[in-house]
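Residue numbers (full-length UniProt numbering): 1 to 257.
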C-alpha cells in the first residue's frame, strides 16, 4: 500500500520565513523545531506498522534504510510532502551557499527495543549528510521511564571538504573508546553537550555532519522509534564513500547478533 503526500495545513503552510528561523535556531542552539506538524493520522498507523515489524523480529531492535520501505509506510506522507522537501533544500542552500549535489533524501527508521536496543544507545557519530531531520514516532513517557533523549555536541566541526579527512575523523570520534568519553557526564558538561527531549508531532532539524550526536539508553521493555531523513551528501559520488558505507553496515550487522 502506497501512502500519499501529507495534506496537512501546518506542514503545507511552511514557507521561507520558517526556513530562515530554523537556520538561525540551528546555528544558535544546535537544532530547530517545526512544532505540531505531524498529525495523529500519520503517527497512529505508523505505530501500528512498527508493532507489526517488531513482532516479525521477536521484539528486538531493527532499522530500515533506503528508498524501498518508505513508500509502503505511513511516513511516505511526510517524505513526499512538498513543504518538507522545501525545508531540507532551503537549509542546505543556506548552510552551503550553493546547490545540493542531488535532491535525494535518505530515509532511515530506527526502532530501539529489547536488549539489542541497548547496544545502539550512546553511539556518538557524525552523519554523512549536511542536513538531518528527525521525526519522533514513539517516545517512552511513563513516570521515571528513560526517554532516550537525543544528545548532541552542537556544531562541533565544519563540513569536511576532503572525503579522506571526513572518513578518518569519523573513525576516530566514533570508536568505542571515544564514545565512552562522549557519554561521560564530565566531558558532556565541559564540552557543552545538549540533551534534546523529543515530542511526537514535531520535526527536529540539525546539521548532522557538524553535530556529534547519539540517543540516550531506554529500558529494554520500552520502545523508542524515530525516523531520520538525511539530505545533502557532499561526497555522494565518491568511491571512498561507498567503502565507508560498507564499513558502517558491517558494524550494524555485528550489533544485531
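Note that beta-carbon positions come from the ideal geometry of N, C-alpha and C, so glycine has one too.
Values in this document were obtained by computation on a predicted structure and should not be read as measured data.
Residue i: buried (16+ other C-beta within 10 angstroms of its C-beta) or exposed?
i           : result
residue 150 : buried
residue 225 : buried
residue 38  : buried
residue 36  : exposed
residue 100 : buried
residue 104 : exposed
residue 191 : exposed
To the nearest angstrom, report how far apart residue i and residue j are at their CA atoms.
i           : j           : result
residue 31  : residue 207 : 8 Å
residue 217 : residue 228 : 18 Å
residue 189 : residue 181 : 12 Å
residue 212 : residue 64  : 22 Å
residue 144 : residue 102 : 44 Å
residue 33  : residue 205 : 6 Å
residue 42  : residue 166 : 36 Å
residue 128 : residue 236 : 9 Å
residue 21  : residue 94  : 12 Å
residue 87  : residue 23  : 10 Å
residue 83  : residue 76  : 13 Å
residue 46  : residue 55  : 14 Å
residue 61  : residue 98  : 38 Å
residue 57  : residue 79  : 25 Å
residue 176 : residue 193 : 18 Å
residue 70  : residue 186 : 39 Å
residue 184 : residue 109 : 27 Å
With a threshold of 6 Å on Cβ separation, who are the neighbours of residue i within its own chain once the five nearest residues in sequence on each side are excluded?
i           : result
residue 170 : 126
residue 157 : 210
residue 50  : 111 and 225
residue 134 : 204, 226 and 228
residue 281 : This structure does not reach residue 281, given that the chain is present from 1 up to 257, and the question cannot be answered.
With respect to the beta strand (DSSP E) encompassing residue i, which residues constitute its N-terminal and C-terminal limits?
i           : result
residue 65  : 62 to 65
residue 112 : 105 to 113
residue 173 : Unbroken run through residue 173 is the alpha helix (DSSP H), 163 to 173; no beta strand (DSSP E).
residue 92  : Per DSSP, residue 92 belongs to no beta strand (DSSP E); it is in the alpha helix (DSSP H), 82 to 96.
Here's a check: name, in chain order, each residue in its chain whose Cβ is nearer than 8 Å to the Cβ of residue i, leaving out the five neighbours to either side.
i           : result
residue 28  : none
residue 161 : 234
residue 146 : 140, 216, 217, 218, 219 and 222
residue 195 : 149, 150, 151 and 216
Between the options, which has its C-alpha nearest residue i's C-alpha?
i           : options               : result
residue 197 : 136, 75, 89 and 76    : 136
residue 15  : 77, 50, 45 and 89     : 89
residue 116 : 222, 46 and 146       : 222
residue 154 : 214, 62 and 44        : 214
residue 25  : 91, 142 and 82        : 91
residue 179 : 107, 195, 122 and 192 : 122
residue 132 : 230, 11, 17 and 66    : 230
What are the boundary residues of the alpha helix (DSSP H) that residue i is part of?
i           : result
residue 44  : 40 to 56
residue 221 : Residue 221 -> no alpha helix (DSSP H), and no H or E assigned at all.
residue 185 : 185 to 191
residue 182 : 176 to 182
residue 77  : 76 to 79
residue 203 : That residue, residue 203, is in no alpha helix (DSSP H); its beta strand (DSSP E) goes 203 to 207.
residue 25  : 16 to 29
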